[in-house]
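S.K.: Before I ask anything, let me first share the structure, which is written out below as structure tokens.
Number of protein chains: 2
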Amino acid sequence: MSKPMPLPLPVAFGAPTERADAARNREALLCAARQIVAAEGIDALTMDRLAASAGVGKGTVFRRFGSREGVMGALLNEHARAWQESVISGPPPLGPGAGPRERLIAFGASLFELNRSSTELIAAAGESVQRSYATESFIATHVRYLLRSAGVTGDLTLLAVALIAPLDRRILDQQVRIEHMDRDRILAGWADLVDRILA
Amino acid sequence: MSKPMPLPLPVAFGAPTERADAARNREALLCAARQIVAAEGIDALTMDRLAASAGVGKGTVFRRFGSREGVMGALLNEHARAWQESVISGPPPLGPGAGPRERLIAFGASLFELNRSSTELIAAAGESVQRSYATESFIATHVRYLLRSAGVTGDLTLLAVALIAPLDRRILDQQVRIEHMDRDRILAGWADLVDRILA
Chain A
7 MSKPMPLPLP VAFGAPTERA DAARNREALL CAARQIVAAE GIDALTMDRL
57 AASAGVGKGT VFRRFGSREG VMGALLNEHA RAWQESVISG PPPLGPGAGP
107 RERLIAFGAS LFELNRSSTE LIAAAGESVQ RSYATESFIA THVRYLLRSA
157 GVTGDLTLLA VALIAPLDRR ILDQQVRIEH MDRDRILAGW ADLVDRILA
Chain B
7 MSKPMPLPLP VAFGAPTERA DAARNREALL CAARQIVAAE GIDALTMDRL
57 AASAGVGKGT VFRRFGSREG VMGALLNEHA RAWQESVISG PPPLGPGAGP
107 RERLIAFGAS LFELNRSSTE LIAAAGESVQ RSYATESFIA THVRYLLRSA
157 GVTGDLTLLA VALIAPLDRR ILDQQVRIEH MDRDRILAGW ADLVDRILA
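In order, the protein sequences belong to chains A and B. 37 is the number that the working numbering gives to position 31 of the first sequence; each next residue is one higher, with no gaps. 136 is the number that the working numbering gives to position 130 of the second sequence; each next residue is one higher, with no gaps.
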């Protein structure tokens, strides 16, 4: 009788590979989702469509994201994460290398874009899809840091809230879509607010 | 054959009385609703309970308000309307008779209370219950008016948004309930913002 073949060790050796596969799989799905949204708009992003585009079974899509809202939440947070990278280590004036006032103005403009771009996604997914707490707290911490760098004294936590709050996506949506204010006016108003707080 | 009796004119004569009855009825129901909420909290406010307290049939409550959310929306807007009266014609410094800075500071404190008091109601009723557009636009108009009275120049529409936005009920709820900031700190921060904008 021949000795049995040694069994493979699926957990100890298999798990890292499985995790790497899962990450690649997830990335491929998010990439397909982004392409669908960019080409045809959010309404076209269904679980069936996403599975077909990514060449996987619908079960895989559900396993990764739970629901259509789950896909949208993942898109939202991935976008926010990439944006965060550009604030931390991208080129100035958004990234390091410019003065605090210049960085604040650039930050406001880029937060405007981030919040505007998330409006459609959140509207389609329902208010249950929100930006992560990590992103919200990054935004607050970064503004506080720039205020401190600019030599502002006072309750910097509350001053940061005062700068971030008018760029809330609901407020921007009302201003842009209902009141037809243009981006330049909104950002000029925000820069004025920055200057009054820095003065 | 006798002449037919003249028909009563139910619309022409009946309607005003019916409207006055309806208004009284509505007021009695809202009053009962306020008492239930004050004594036992929002969870106790059900359509059955409200009908029993007001001594009317459940059908009447549904006819007046449509749903439990409808009662809550009516409470919210009635409260906002009473508050609006006190800003327009109540005693200073909230009402007329104080200087614009003093009125702004009093307005911020009273908007804080209004927004805090609506948080529980909106949480219980769901986000579909919102303050009316009329109230929102009163708030914006009043702040713009006080800024103009204080001699502030610039984009007063956006500066008013910048003052109102940090007092949003969602932000206040986060600050008070999650971050345990106290009211005095939040209002001192807001007064500092006013002074930076008025400077």
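No residue lacks a Cβ here, since even glycine has one placed at the ideal position from N, Cα and C. Here the structure is a predicted model, which is why all the values come from computation and not from measurement.
#1: Hey, leucine 199(A) and valine 158(A) are a contact pair by Cβ (cut 8 Å); roughly how many whole angstroms apart?
#2: Against arginine 202(B), what residues of chain A qualify as contacts under a CB-to-CB distance less than 8 Å, listed in chain order?
#3: Using the DSSP secondary-structure output, state which residues sit across from alanine 129(A) in a beta bridge.
#4: Which residues in chain A sit within 7 Å of valine 167(B), going by Cβ to Cβ distance?
#5: How many Å lie between serine 155(A) and phenylalanine 118(A) at the Cα?
#6: Beta-carbon within less than 8 Å of asparagine 31(B)'s beta-carbon, same chain only, minus the 5 sequence neighbours each way: which residues are those?
#7: Ends of the alpha helix (DSSP H) at aspartate 161(B)?
#8: If the criterion is Cβ atoms closer than 8 Å, does the pair aspartate 161(A) and glycine 195(B) meet it?
#9: Note down, one range per segment and in chain order, each alpha helix (DSSP H) of at least 4 residues found wholly within the region 85-135 of chain B.
#10: Hey, would you say proline 99(B) sits closer than 8 Å to alanine 112(B), going by beta carbons?
#11: Aspartate 190(B) touches chain A at which residues, Cβ-Cβ below 9 Å?
#12: Of all Cβ atoms in chain B, is any one closer than 8 Å to the Cβ of leucine 13(A)?
#13: Is there a C-beta anywhere in chain A that falls below 8 Å from the one on glycine 96(B)?
#14: Taking the C-alpha atoms as reference points, what is the distance between arginine 74(B) and valine 149(B)?
#15: Using C-beta distances below 8 Å, list every residue in its chain close to tyrosine 143(B), excluding the 5 sequence neighbours before and after it, in chain order.
#16: Along the region 79-93 of chain B, where does the CB come closer than 7 Å to a CB of chain A? Name the residues.
#17: Exposed or buried, proline 102(A), counting other C-beta atoms within 10 Å across all chains shown (16 or more means buried)?
#18: Against chain B, which members of the region 95-123 of chain A pass a CB distance test of less than 8 Å?
#19: Taking just the CA atoms, how far does arginine 109(B) sit from alanine 197(A)?
#20: Rounding to the nearest angstrom, what Cα-Cα distance links threonine 52(A) and glycine 72(A) in this structure?
#21: Run through DSSP, which three-state label would alanine 44(A) get?
#22: Between glycine 195(B) and chain A, is the shortest Cβ-Cβ distance under 8 Å, so that the two count as touching?
M.R.: According to the structure data:
#1: Taking the first sequence and counting its residues from 1, the one referred to as residue 199(A) is at position 193. Taking the first sequence and counting its residues from 1, the one referred to as residue 158(A) is at position 152. With a Cβ gap of about 13 Å, leucine 199(A) and valine 158(A) do not count as contacting.
#2: On the second sequence, position 196 is the one that residue 202(B) refers to. Per Cβ cutoff of 8 Å: Arg202, Ile203, Ala205.
#3: For the purposes of this step, residue 129(A) is taken as the residue at position 123 of the first sequence. DSSP, once it has assigned bridges, lists no residue as partnering alanine 129(A).
#4: Indexing the second sequence from 1 puts residue 167(B) at position 161. Result: Pro172, Ile177.
#5: Position 149 of the first sequence holds residue 155(A). Position 112 of the first sequence holds residue 118(A). Rounded to whole angstroms, serine 155(A) to phenylalanine 118(A) spans 22 Å at the Cα level.
#6: Position 25 of the second sequence, counting from 1, holds the residue named residue 31(B). Shown here for asparagine 31(B): same chain residues with a beta carbon closer than 8 Å to its own, the five before and five after excluded, namely Val62, Thr66, Arg70 in chain order.
#7: Translated into the one-based positions of the second sequence, residue 161(B) becomes position 155. Aspartate 161(B) -> no alpha helix (DSSP H), and no H or E assigned at all.
#8: As a working mapping, residue 161(A) is identified with position 155 in the first sequence. As a working mapping, residue 195(B) is identified with position 189 in the second sequence. If you check the CB distance, aspartate 161(A) and glycine 195(B) come in under 8 Å.
#9: Restricting attention to alpha helix (DSSP H) runs no shorter than 4 residues, the region 85-135 of chain B encloses them at 106-131, ordered along the chain.
#10: Indexing the second sequence from 1 puts residue 99(B) at position 93. Indexing the second sequence from 1 puts residue 112(B) at position 106. Yes; because the gap between Cβ atoms is below 8 Å, this pair is in contact.
#11: Counting from 1 along the second sequence, the entry for residue 190(B) is found at position 184. Those within 9 Å of aspartate 190(B) in chain A number zero; the least Cβ separation is about 11 Å.
#12: As a position in the first sequence, residue 13(A) is number 7, starting the count at 1. Caution applies to leucine 13(A), whose pLDDT of 46 falls short of 50 and renders its modelled position unreliable; the model cannot decide the point.
#13: The sequence position of residue 96(B) within the second sequence is 90, counting from 1. Glycine 96(B) does not count as touching chain A.
#14: The count along the second sequence starts at 1 and reaches residue 74(B) at position 68. The count along the second sequence starts at 1 and reaches residue 149(B) at position 143. So the two alpha carbons sit approximately 33 Å from each other.
#15: Numbered from its first residue, the second sequence carries residue 143(B) at position 137. Position check: residue 143(B) holds serine in this sequence, whereas tyrosine was assumed. Same-chain partners within the cutoff: there are none.
#16: none
#17: Stepping through the first sequence from its first residue, residue 102(A) is reached at position 96. The residue in question, proline 102(A), is exposed, as its Cβ has fewer than 16 Cβ neighbours within 10 Å.
#18: Of all residues in the region 95-123 of chain A, none has a Cβ within less than 8 Å of some Cβ in chain B.
#19: Position 191 of the first sequence holds residue 197(A). Position 103 of the second sequence holds residue 109(B). Their Cα atoms are separated by approximately 26 Å.
#20: As a working note, residue 52(A) is residue 46 in the first sequence. As a working note, residue 72(A) is residue 66 in the first sequence. Cα to Cα, threonine 52(A) sits roughly 12 Å from glycine 72(A).
#21: By 1-based counting over the first sequence, the position of residue 44(A) is 38. In this structure, alanine 44(A) counts as helix in the three-state DSSP scheme.
#22: Here residue 195(B) refers to the residue found at position 189 of the second sequence. The beta-carbon of glycine 195(B) is placed less than 8 Å from the nearest beta-carbon of chain A.
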